Amino acid sequence: MNVSAISVVYRKELTEWMRDRRTLISTVLVPLLAFPLLMVGITALATVMIGKAEKEVPKVMILGGEDSPKLVGDLKRLDTLAVVPYAGDWRDQISNKQIRAAVEIPKGFQVALAEGATPTVHVYFYEGEIKSSFGANHLQKAVEEYRNTVVKDRLAVKNLPASVLKPFEIKQENVAPPEKVGGASIGGFIGYAVILLCLTGAMYPAIDLTAGEKERGTIETVLSSPISRFDLVFGKFLLVFSASLVSAILSVTSMGTSFAILGHSHLMQNSSGQQSLNLQLGPISVVAVFFMALPLAVLFSAVLMTISLFAKTYKEAQSYLTPLTFLVVIPAVASVMPGVELTPKLALIPVLNTSLVCKEIITGTYHWNSIILIFTSTCIYAGAAIFLAVKMFQREDVLFRS
Amino acid sequence: MIETRGLTKVFQDKKRGAIRAVDNVSFVCQPGQIYGLLGANGAGKTTTLRMLATILEPTDGTAVICGHDVIDAPEKVRANVGFLSTATALYPRLTSQEMVEYFGRLNGLDETTLKKRVDEIFNRLDMNSFRDRRCDKLSTGMKQKTSIARTLIHDPQVMIFDEPTIGLDIMTARTIVDFIRECRQRGKTVIFSTHVMSEVEKLCDVIGIIQSGKLLAEGSLAELRVRYRQNDLEEIFVQVVAPYQNNSEA
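Protein sequence lines, in the order shown, are assigned to chains Y and U.
Under my numbering, the first residue of the first sequence is numbered 1, with each subsequent residue one higher.
Under my numbering, the first residue of the second sequence is numbered 1001, with each subsequent residue one higher.
The structure is reproduced here in structure tokens:
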């Protein structure tokens, strides 16, 4: 290994990389902007949309109820509902968003109640439509209040206190610190995002430095120089690895900043003005996530280079790497699924293991045995991938495939 | 000096099986001499030269360049070789000077020597007007000059040219031909492949005619004329190659 030769290759590749708009976009701009746009943008948009839906007084329709004036009267008196006159096409009106929901009061409802029967009131809404759901909730709440009044009246008639129906209270109390609650919610997502950006950050430099060189005809030029194949591959690998790391660092930093902004903004506050979710990433968590992503970045860089080298052109390499993206995305997504937890077996599956351990680290849980196992196994995979990349660079049938 | 001894290269093809691209080729090229490897497309010229430049490894036989074996000491061979072909392109995002400096550093030149060599070559090839221009913005002629500067930066004793004028306009091709001639004047060992007869007639001290990977005839132009009783090189070439051409087509 000639460190000076490796450094010459690295510096040259770095110069070219800094001048390549495509790779700069994928390595620098995407990680920097993806999180603020995704997190802050989507959260803000969702907050605005939900707030708007909550503030709206929903138009609702009462179906039937001519013989139940008490309930109908209660519903019509509410400020939170705008009752519109009955129309036969009420189902279409809900679908077309002309009204948000409808309540069906069965025939003889008031009489049936008086006789002690249990009639059913139906609330109709359009599932998946947020404003319709809010309208249905308002209706449901109003009908429930009416039901509570009926219960109270019945108890009063029999001289029984309201506590007969509720002899004691049940209250759930959270013992987890707020940052862990936040971490549990977002931990999986962070691991997933860092892993994906490590991959995409390395992808374009890996293609450019291998298939790109073949396509441009510069591979023969550099192979005619005295540098050894190992030094050449290692110099190139270091650049791809740097790109992956830059991507990871920028994504973690950008994510931390986005969460800090979100955490202190009114967007994450509940109706009582308290913060509903603590989304702050501590510096130790950030460093730990970054540290765990290191061997994975090595693995990605070497694998991407090895696969890209088979291709004759940039486009061909892109088509080879698309399935690899799925191979990375699937385990990364699996780790975000509820109930998927780190086990010794899962700790040996690359990508999934790192994603799962990042999830734990964000919540402040450090299982050192798992961390060591994951770090070591990923390092071994990464070493094997580098070895394979060097071997590929020594194969004439790969370098001069026609 | 270049000396090849039974140089052979066999490629494995899934459909066609083993292909002997170069078959037992032996020749010697002395310093201050231009050896012209003349052959049709697919004759084995590029493969031979790639083996000499150690880009490909021989399947059998070997070659010794400046006392170094291409199999045992490929890096030492490359340090003594300047390789130029139309396939040896430039890095588009580097400037002309950066390109030449990169290859100087790869050849182990220290920064002081490198600067001196770059200035010297850029002056000699009249390249100062575009030394800071990116290679993807250079004209074909400028690119060729940059490629020449890249091969010269470490002052190699052996120059290998693989069809260096193919696809170039007359003026750019002329620059290359003049450069090859200059290499001989400077006492370098030059090997040069082409299928352009006029270039061979103008430049080469020794001509090797290659077909189907085999070196079929070798000698100076005068010797070949006497041996084949033809004055025109093209006629000599056809006479030498025709029997093998029919065989390879059959």
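Just so you know, even glycine gets a beta-carbon here, dropped at the ideal spot from N, CA and C.
In this text, all values refer to a predicted model and were calculated from it rather than measured experimentally.
- Per the C-alpha coordinates, the member of Y/Thr23, Y/Lys391 and Y/Gln394 positioned closest to alanine 206 of chain Y is Y/Thr23.
- Between valine 390 of chain Y and phenylalanine 189 of chain Y, the C-beta spacing is not below 8 Å.
- Residue pairing of isoleucine 62 of chain Y in beta bridges, as defined by DSSP: Y/Val103.
- Straight-line measurement puts the Cα of threonine 1189 of chain U at about 29 Å from the Cα of glutamate 213 of chain Y.
- Where glutamine 1211 of chain U is concerned, there is no enclosing alpha helix (DSSP H), although the beta strand (DSSP E) around it starts and stops at 1206-1211.
- The beta carbon of alanine 243 of chain Y is closer than 6 Å to those of Thr27, Gly201, Ala202 and Pro205 in its chain, skipping five residues each way along the sequence.
- Contact of tyrosine 1102 of chain U with chain Y is assigned, a C-beta pair being separated by under 8 Å.
- At least one CB of chain Y lies nearer than 8 Å to the CB of alanine 1079 of chain U.
- Within chain Y, the C-beta atoms nearer than 7 Å to that of arginine 1093 of chain U come from Glu16, Arg19 and Asp20, in chain order.
- Taken in chain order, the unbroken stretches of alpha helix (DSSP H) that lie wholly in the stretch 1109-1172 of chain U and span 4 residues or more are 1111-1124 and 1140-1152.
- The alpha helix (DSSP H) runs lying completely inside the stretch 1013-1078 of chain U and spanning 4 residues or more are 1045-1052, given in chain order.
- Contact residues of the stretch 215-242 of chain Y toward chain U are Arg216, Gly217, Thr218, Glu220, Thr221, Leu223, Ser224, Ser225, Pro226, Ile227 and Ser228 (C-beta to C-beta distance below 7 Å).
- Distance check between phenylalanine 241 of chain Y and each of Y/Leu81, Y/Ile386 and Y/Leu45 places Y/Ile386 closest, using alpha-carbon atoms only.
- Around the C-beta of arginine 77 of chain Y, fewer than 16 other C-beta atoms lie within 10 Å, and the residue is accordingly described as exposed.
- Distance between glutamine 394 of chain Y and aspartate 1072 of chain U, taken at the CA atoms: about 15 Å.
- DSSP places valine 28 of chain Y in no alpha helix (DSSP H); its state is neither H nor E.
- Only residues of its own chain outside the window of five on either side were considered, and among them Val1100, Met1127, Ala1149, Leu1152 and Ile1153 have a CB closer than 8 Å to the CB of isoleucine 1121 of chain U, listed in chain order.
- Contact annotation, proline 1156 of chain U with valine 1081 of chain U: C-beta distance approximately 5 Å; criterion of less than 8 Å satisfied.
- Assignment of serine 225 of chain Y by DSSP, reduced to helix, strand and coil, places it in the coil class.
- Listed along the chain, the chain U residues whose CB falls inside 9 Å of the CB of alanine 5 of chain Y are Arg1105, Leu1106 and Gly1108.
- Taking CB atoms only, lysine 12 of chain Y has a neighbour in chain U less than 8 Å away.
- When the Cα atoms are used, leucine 113 of chain Y and tyrosine 146 of chain Y turn out to be separated by approximately 12 Å.
- Straight across, the Cα-Cα distance linking serine 301 of chain Y with alanine 384 of chain Y is about 12 Å.
- Residues of chain Y with a Cβ closer than 7 Å to the Cβ of glutamate 1234 of chain U do not exist, since the nearest Cβ in that chain sits about 29 Å away.
- At a cut-off of 8 Å between beta carbons, isoleucine 1055 of chain U contacts chain Y.
- Contact check for glycine 135 of chain Y against arginine 100 of chain Y passes: the beta carbons are separated by less than 8 Å.
- Annotation: glutamate 341 of chain Y is outside any alpha helix (DSSP H) and is labelled neither H nor E by DSSP.
- From the beta-carbon of alanine 1089 of chain U, the residues of chain Y found nearer than 7 Å are Arg216, Gly217, Thr218 and Thr221.
- Take serine 133 of chain Y, set aside five residues on each side of it, and the residues of its chain with a beta-carbon closer than 7 Å to its own are Phe125, in chain order.
- Of the other Cβ atoms in all chains shown, fewer than 16 fall within 10 Å of the Cβ of threonine 343 of chain Y; this residue is therefore exposed.
- Annotation: glycine 1104 of chain U to phenylalanine 237 of chain Y spans about 21 Å, alpha carbon to alpha carbon.
- Under a criterion of Cβ atoms nearer than 7 Å, the residues of chain Y adjacent to phenylalanine 1083 of chain U are, in order, Ser224.
- Remark: three or more beta-carbon pairs, one from each stretch, lie closer than 8 Å, so the stretch 1173-1182 of chain U and the stretch 1192-1212 of chain U are flagged as touching.
- Chain Y has no Cβ within less than 8 Å of the Cβ of glutamate 1111 of chain U.
- The C-alpha of cysteine 1029 of chain U lies about 22 Å from the C-alpha of tyrosine 1228 of chain U.
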